[in-house]
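Position one of the sequence shown corresponds to residue -18 (our numbering), numbered consecutively onward.
Take a look at the structure set out below.
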Amino acid sequence: MERLSHLLRSQPGGRLDHRRSVGCRRAALTLAAISSVLYSVAASPFNSLALLLRTLILLSLFSFVVKFGLMVQISDLWLYLLFLFPLLTTMQLLKQQMPALAGLWGQLIVFMGSFISVTNPPVYDFADFLNDDLAKILGVGLTWLAFAVLRPGSDARKSRRHIRELRRGFVDQLSRKPQLSENGYESLVYHHVSQLNSSQDALSRRWLLRWGVVLLNCSHVVWQLRDWETRADPLARVRDVAVSLLRDIMSERGVQQRPLASALDELQRICDVLGQHPHPAGQELAALIWRLHCSLSQLEQAPAPGTLSDQITPQA
């Protein structure tokens, strides 16, 4: 068998068939690789791949009619351009007139060149044409199958992952020596929130934004308390006590409601006492602690640890 295969490849027809098969495999793998990279970060890869498959099927039918019905009769380049430019202009106008199908028309315009391209001299081989088009469609189908098997993370899973990162960073902010500065944590929050800007899952996007805003406000007040200075040692100790109350209210799994309620009650009591302090520094500290109390009170609306998945999708 190996000798027979070698003999077939050594013949002109055998070499041509071998080059065709290699070219088809290369086209399929190239399109599969490009699709995998492009749609791995898409909000809905299955919908995007389905649109691409639809585009390739339509272009295969269109290019068959154009190549073997029209282009076989064209012998001059200017005739080919006379057909191509009005076609592209019409497709672009249809794209503008049909916003709902703009993605389809855009892909038709982009991929059409690889379907109706011609060589010099032109070659119209139906078997080569059929194999090449089938290879492109199968390449995208292979990508669709890969996404179906690997099941890329949904927006809900991504949202929960980003929320866990925000909580972990906030726990660090409440420690005695946080690893991130105030600006560093602010940048971290903005980074995680921006990861779902293109998400079509409004609920996941809304929960991530809620956590980002609330935790960022709390961290700002905590840093203001740290930076607050006074010559009155008793007030400094009160400040340290207020900050220490926050260390058990949050974990990576969520808000600890019981420690949070205790911390809010204690902060309220401290505010009431400092509100009657005769020294201006005491009044200033009372205002900061009241701001902290207001920021932390937003966490009371957070779901219990492990229940956020019930409001979005099943737990990752």
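Using N, Cα and C, we set each Cβ at its ideal position, and we do this for glycine too.
Boundaries of the alpha helix (DSSP H) in which leucine 227 is found, first to last residue: The residue labelled residue 227 in the question sits at position 246 within the sequence shown. If you look at leucine 227, you'll find it isn't in any alpha helix (DSSP H); DSSP assigns it neither H nor E.
Where asparagine 112 falls, given that 16 or more other Cβ within 10 Å makes a residue buried: Taking the first residue of the sequence shown as position 1, residue 112 is located at position 131. Taking a 10 Å sphere around the C-beta of asparagine 112, we find 16 or more other C-beta atoms and assign the residue as buried.
Helix, strand or coil at valine 219 according to DSSP, with G and I counted as helix: Position 238 of the sequence shown holds residue 219. Helix at valine 219.
Mind checking methionine 79: buried by the 16 CB within 10 Å criterion, or exposed? One-based indexing of the sequence shown puts residue 79 at position 98. Methionine 79 comes out exposed.
Mind reading off the beta-carbon distance from glutamate 163 to tryptophan 204? Whole number of angstroms is fine, and I expect it under 8 Å. Walking along the sequence shown from the start, residue 163 turns up at place 182. Walking along the sequence shown from the start, residue 204 turns up at place 223. Rounded, the Cβ-Cβ distance is 4 Å, consistent with contact.
Where do the N-terminal and C-terminal ends of the alpha helix (DSSP H) with aspartate 253 fall, by residue? Looking up residue 253 in the sequence shown gives position 272. Counting along the chain, the alpha helix (DSSP H) containing aspartate 253 begins and ends at 238 to 255.
Taking the alpha helix (DSSP H) that leucine 34 belongs to, which residues open and close that run? Reading the sequence shown from its first residue, position 53 is the one you call residue 34. Unbroken alpha helix (DSSP H) run through leucine 34: 26 to 50.
Could you pull out every residue in the same chain whose Cβ sits closer than 8 Å to the Cβ of tryptophan 209, ignoring the five residues on either side in sequence? Reading the sequence shown from its first residue, position 228 is the one you call residue 209. Cβ neighbours of tryptophan 209 beyond the five flanking positions: Arg220, Glu265, Leu266, Leu269.
Taking the alpha helix (DSSP H) that tryptophan 188 falls in, what are its first and last residues? What you label residue 188 is simply residue 207 of the sequence shown in a count that begins at 1. Its alpha helix (DSSP H) spans residues 183 to 208.
Quick one: using the 10 Å Cβ neighbour count with 16 as the cut-off for buried, is serine 44 buried or exposed? Numbered from 1 along the sequence shown, position 63 holds the residue referred to as residue 44. Serine 44 comes out buried.
If I follow the unbroken alpha helix (DSSP H) through methionine 72, where does it start and stop? Position 91 of the sequence shown, counted from the first residue, corresponds to residue 72. Here the alpha helix (DSSP H) through methionine 72 covers 58 to 78.
Mind reading off the beta-carbon distance from serine 278 to leucine 245? Whole number of angstroms is fine, and I expect it under 8 Å. Here residue 278 corresponds to residue number 297 of the sequence shown, with the count starting at 1. Here residue 245 corresponds to residue number 264 of the sequence shown, with the count starting at 1. About 6 Å separates the two Cβ atoms, so the contact holds.
For serine 175 and valine 194, I'd like the C-alpha separation in whole angstroms. The residue you call residue 175 lines up with position 194 of the sequence shown. The residue you call residue 194 lines up with position 213 of the sequence shown. Here the alpha carbon of serine 175 sits roughly 12 Å from the alpha carbon of valine 194.
Span separating the alpha-carbon of lysine 76 from that of leucine 227: As a first step, residue 76 is located in the sequence shown; it is residue number 95 there, counting from the start. As a first step, residue 227 is located in the sequence shown; it is residue number 246 there, counting from the start. Approximately 56 Å, taken between the alpha carbons.
Please report the distance separating the alpha-carbon of valine 53 from that of proline 103. Taking the first residue of the sequence shown as 1, we reach residue 53 at position 72. Taking the first residue of the sequence shown as 1, we reach residue 103 at position 122. Looking at the two C-alpha atoms, the distance is approximately 9 Å.
Taking the C-alpha atoms as reference points, what is the distance between aspartate 214 and aspartate 253? Residue numbering aside, residue 214 sits at position 233 when the sequence shown is read from its first letter. Residue numbering aside, residue 253 sits at position 272 when the sequence shown is read from its first letter. Distance between the alpha carbons of aspartate 214 and aspartate 253: 19 Å.
In terms of residues, what are the limits of the alpha helix (DSSP H) holding isoleucine 90? Numbered from its first residue, the sequence shown carries residue 90 at position 109. Segment 83 to 96, the alpha helix (DSSP H) holding isoleucine 90.
Which of the three DSSP states, helix, strand or coil, is assigned to serine 168? The sequence position of residue 168 within the sequence shown is 187, counting from 1. The answer is helix: DSSP assigns serine 168 an H, G or I state.
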